[in-house]
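Reviewing the structure listed below.
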Amino acid sequence: MTKADVIAEISSKTGIDKKDVSETLENFFQVVKDNLANQENIYVRGFGSFINKKRAKKIARNISKNTSITIDEHYVPSFKPAKVFIEQVKSSTDPAKA
19 MTKADVIAEI SSKTGIDKKD VSETLENFFQ VVKDNLANQE NIYVRGFGSF INKKRAKKIA
79 RNISKNTSIT IDEHYVPSFK PAKVFIEQVK SSTDPAKA
């Protein structure tokens with residue numbers, strides 16, 4: 019399912035114009051990106067959490083030059099689904115197997 023599919027489905031279920039749904043969705047994504055960039059996590063009860071995960075400093079290998087490089091400590095964005103969300107996905111049937 020693409021972003022356009024999500025916009026179309028939300029629009030059809032709510033009766034809100036696709037343009038307005040698209041603008042709202044884009045604003046939501048921007049809020050998530052801005053907050054994670056500012057080291058602020060976002061918690062949505064019943065859905066999940068958008069969090070920054072800390073990656074430790076490590077030594078890596080550049081195999082093409084056969085050298086070692088140091089990758090500094092950094093953060094990566096991550097999504098952790100809520101238990102309710104996980105259970106809903108686990109209990110759903112797989113359409114490919116049906």
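Each residue of the sequence shown is one higher than the one before, starting from 19 at the first, in our numbering. Glycine is no exception: its CB is placed at the ideal position from the N, C-alpha and C atoms. Model, not experiment: these values are computed from the prediction.
Problem set entry | the stretch 65 to 75 touching the stretch 91 to 98, judged by at least three CB pairs closer than 8 angstroms | yes
Problem set entry | Range covered by the beta strand (DSSP E) that runs through Lys98 | Here residue 98 refers to the residue found at position 80 when the sequence shown is read from its first residue. Taken as a continuous stretch (DSSP letters only), the beta strand (DSSP E) holding Lys98 covers 92 to 99.
Problem set entry | Neighbourhood of Val102 by C-beta distance below 6 angstroms, restricted to the same chain and skipping five residues each side | One-based indexing of the sequence shown puts residue 102 at position 84. Excluding positions up to five away in sequence, the list reads Gly64.
Exercise. Taking the C-alpha atoms as reference points, what is the distance between Asp52 and Ser86?
Worked result: Indexing the sequence shown from 1 puts residue 52 at position 34. Indexing the sequence shown from 1 puts residue 86 at position 68. Asp52 and Ser86: Cα-Cα distance of roughly 33 angstroms.
Problem set entry | Through-space distance from Asn59 to Lys98, alpha-carbon basis | Within the sequence shown, numbered from 1, the residue matching residue 98 stands at position 80. Within the sequence shown, numbered from 1, the residue matching residue 59 stands at position 41. One C-alpha to the other measures close to 11 angstroms.
Exercise. Are Val39 and Ala100 close, meaning C-beta to C-beta below 9 angstroms?
Worked result: As a first step, residue 39 must be located in the sequence shown, where it is residue number 21. As a first step, residue 100 must be located in the sequence shown, where it is residue number 82. Contact: no.
Exercise. Is it right to say Ile15 is buried, meaning 16 or more other beta carbons lie within 10 angstroms of its own, or is it exposed?
Worked result: With the chain covering only 19 through 116, there is no way to say anything about residue 15.
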